[in-house]
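First up is the structure itself, then whatever we jot down about it.
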Amino acid sequence: MKNIATIALIAASAAFAGCASPQSTATTKEGNADTKAVAKAGTPSDAKTDANTVAMADLKPATKVKADATSDAPVAWVADNSAKLPARPEELKFAALDFTPPKAKDFRRTLPDGTPVYMAPSKEFPLVSLTLTFKGGQWLDPKDTPGLTAVMAAMTRTGGTATIKPADLDEKFDFLATNVGVSGGQGAVIANMNTLSSNLDQSMTLFFDMLRNPGYDQDRLNIMRGQATEGMKQRNDEAGQILGREWKYLIFGEDCFESQQATKDGWDAITADKLRAQHDKLIQPGNVIISVTGDFNPDDMMKRLAAGMDGWKRGDMAANPPAPTNVFKPGVYRVAKDIPQGKVRIGRRSIQRDDPDYFSAEMMNEILGGGGFTSRLMSNIRSNEGLAYSVGSRFEAGVYYPGQFAGAFESKNGTVALAVKLMREEFKRMQDEPVSAEELEIAKKSFIEAFPGQFSSKDATLGIFVSDEWTGRDPEYWQRYRDSIQKVTAADIQRVAKKYLNFDDMAVMVVGKWDEIAPGDQTGRAKMSEFFGGKSMELPLRDPMTMKPMDTPTQSDSAPAPKS
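As numbered in the working numbering, residues 518 to 1081 make up the sequence shown, in order.
See below:
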């Protein structure tokens, strides 16, 4: 006997939608080049099924009838297809997605001055999106003015031009329904314009004037300085913010741009002249890649871009960022904060993007803690033990130098030690036992089935091409990506786990009430003295305006000496 509930549900759905037959669509999420969303489906889409598995394409449409209150269409459809309906949803079978990643060379052009341009025209909407990506970011900030590049980028947008006051520039962009933004991060300064294709010429004229001749209005700079100063005062309010900055100091060192924090003295030292000097160094034709998507003719756009760049003084390309010189020291580190839950991060330096271990390490992390509810850390620490609502891990491979690996969770103070112990045990299990065939298959499919989402929009696609060109990624990387994932074996994962998941080579950082955290749980299953010989280093809170330690660290404990 057929599954009556399934048939009734399909019939009701067809009646409600007023359609002749059920439809099925597959969607994927967009992600970045080296990371993925952590929540993924736990059942592979092409898992083996029995003889009752039915392909959706085999279901015949119902006879067309008038869609009225007395229509027999749902009943007719069920009558036509009931014999082919599977008993359970997982028995449905879908054709494999045939997706070939685009190649950068098919989208790349070059302006007469040598500037690379990536184009992806589309008539879908009467809009044009123009992005200029300038190489160089936070690592080029002078030591006395941390954050200078980010401020310069923001002020390039908000500070007007040499001939247009800030408020007037804002009004002109608003009148043209043009959205413009400029941001400066660790690796690049990105200027973007989105406008109606009918307003393209006027918008581009204003946009290039803003980039080439920024005004850096003093009143706007003073407003931004005041806002930043108020924001600094709240730096110690949130434990998560404390954990994030202290972790970067520990991983990369206080003198590395990755850890750089703006200060009041640094902000006070920022002047319009310093903004212009940083602008001239970074925002110039010798340091840019352009990308354009939307409603335009490629040849006409090349002429518009050439006109916008004409006469703009060309400088040198920014250098690559320097590698950190900090010597990472394993151990237990703690910051006092009166909160009911301890925030914890456990990890170490990792590898570079082109390391032969990269794909194996990514798969290892996916099974360990990167795969959301299918991961081991989530299953054990949250689902089985109920110690944390949020738990997981992340493996980041650096482009120019090794990145970082970290497991993280939040747990009430009394169970922090137990959660640390369980995470350590999961690290050891990855080293001692091969992952199961099911875990490996789910992890592979989570990467492979999400892969097309990397190119889900034209803007995302061109963004990948621009980033790859700046960082020198192999042009065939994306063509080989899925094969590289498929080749990873359980033995590969166990091998890299033995290299990168040694708990004694990691740091444990805890923000919370140490006097409640250290004793451990009431059942006596774990306490903090079990780790690193019971030694820990207290890190003092920092002055929010200067980022200097406000107190002397406790000397009763000390961090273990670094391994040779």
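Ideal placement from N, C-alpha and C gives every residue a C-beta, glycine not left out.
task = Quick one: measure Cβ to Cβ for valine 809 and leucine 647, integer angstroms, because I've assumed they're closer than 8 Å.
result = 5 Å
inquiry  = Which complete beta strand (DSSP E) runs does the region 990-1070 hold, if anything under 3 residues is left out?
reply    = 1024-1029
key: Collapsed DSSP secondary structure at serine 808 in the structure displayed   = strand
task = Give me the Cβ distance between alanine 1035 and methionine 1045, rounded to the nearest whole Å; I'm assuming they're in contact under 8 Å.
result = 5 Å
request  = Classify lysine 565 as buried or exposed, calling it buried when 16 or more other Cβ atoms lie within 10 Å of its own Cβ.
outcome  = Its pLDDT being 38, under 50, lysine 565 is placed unreliably by the model, and nothing is read from it.
query = Less than 7 Å separating the beta-carbons of lysine 1103 and glutamate 943?
reply = This structure gives no information on residue 1103, because the portion of the chain shown stretches from 518 to 1081.
query = Can you tell me the Cα-Cα spacing of alanine 756 and arginine 1012, whole angstroms?
reply = 35 Å
query = Ordered along the chain, which non-local residues of its own chain (more than five positions away) have a Cβ less than 7 Å from that of phenylalanine 690?
reply = Val697 and Leu723
ask   = Just reading off the alpha helix (DSSP H) that arginine 674 is part of, what are its end residues?
value = 665-675
query = Using a Cβ-Cβ cut-off of 7 Å (strictly less than) and excluding sequence neighbours within five positions of serine 1073, which residues of its own chain qualify?
reply = Its pLDDT being 45, under 50, serine 1073 is placed unreliably by the model, and the measurement read from it follows with that caveat. Cβ within range, chain order: n/a, list empty.
message = With three or more C-beta pairs closer than 8 Å as the rule, is the region 662-671 touching the region 700-719?
response = yes
query = Quick one: Cα of phenylalanine 624 to Cα of tyrosine 917, how far?
reply = 26 Å
ask   = What are the partner residues of threonine 648, as DSSP defines its beta bridges?
value = Asn709 and Ser808
ask   = With C-beta atoms as the reference, is isoleucine 898 less than 7 Å away from leucine 939?
value = yes
message = Here's the rule I'm using: 16 or more other beta-carbon atoms within 10 Å means buried, otherwise exposed. How should glutamate 607 be labelled?
response = exposed
key: Rounded Cβ spacing between methionine 727 and arginine 821 (contact assumed at less than 8 Å)   = At roughly 16 Å, the Cβ-Cβ gap does not stay under 8 Å, so methionine 727 and arginine 821 are not in contact.
inquiry  = In whole angstroms, give me the CA-to-CA distance for arginine 866 and proline 919.
reply    = 6 Å
key: Proximity below 7 Å, CB of glutamine 971 to CB of alanine 914   = no
query = What does a CB cutoff of less than 7 Å around glutamine 758 pick up in its chain, not counting 5 residues either side in sequence?
reply = Arg752
request  = Would you mind reading off the limits of the beta strand (DSSP E) that contains lysine 750?
outcome  = Where lysine 750 is concerned, there is no enclosing beta strand (DSSP E), given that its DSSP letter is neither H nor E.
ask   = Would DSSP call valine 592 helix, strand or coil?
value = helix
key: From Ala637, Phe912, Asp1021 and Pro815, residue whose alpha carbon lies closest to that of glycine 886   = Phe912
query = Three or more C-beta pairs closer than 8 Å, one from the region 760-777 and one from the region 826-844: is that the case here?
reply = yes
Check whether arginine 990 and alanine 923 have beta carbons under 7 Å apart = no
inquiry  = Below 8 Å on the Cβ atoms is my contact criterion, and I expect aspartate 812 with serine 984 to pass it. Report the Cβ-Cβ distance as a whole number of Å.
reply    = Actually they do not touch by this definition, with Cβ atoms about 24 Å apart.
Cα-Cα separation, serine 877 to isoleucine 1002 = 8 Å
key: Delimiting residues of the beta strand (DSSP E) encompassing phenylalanine 922   = 921-929
Length of the line joining the Cα atoms of alanine 1014 and aspartate 949 = 9 Å
request  = Check tyrosine 906 in the structure and name its three-state DSSP category.
outcome  = coil
task = Go to glutamine 858, then tell me how far its beta strand (DSSP E) extends in each direction, as first and last residue.
result = 858-866
request  = For methionine 1064, collect the residues of the same chain with a Cβ closer than 6 Å to its Cβ; drop the 5 residues on either side in sequence, then sort them by chain order.
outcome  = Gln778 and Thr780
query = Do you know offhand how far valine 933's Cα is from serine 900's?
reply = 16 Å
task = Using a threshold of 7 Å, state whether the C-beta atoms of glycine 676 and aspartate 734 are closer than that.
result = yes
inquiry  = Looking at the strands, I want to know which residues DSSP matches up with glycine 915.
reply    = Gln869
query = Which runs of the beta strand (DSSP E), 3 residues or longer, sit entirely within the region 769-837?
reply = 805-811
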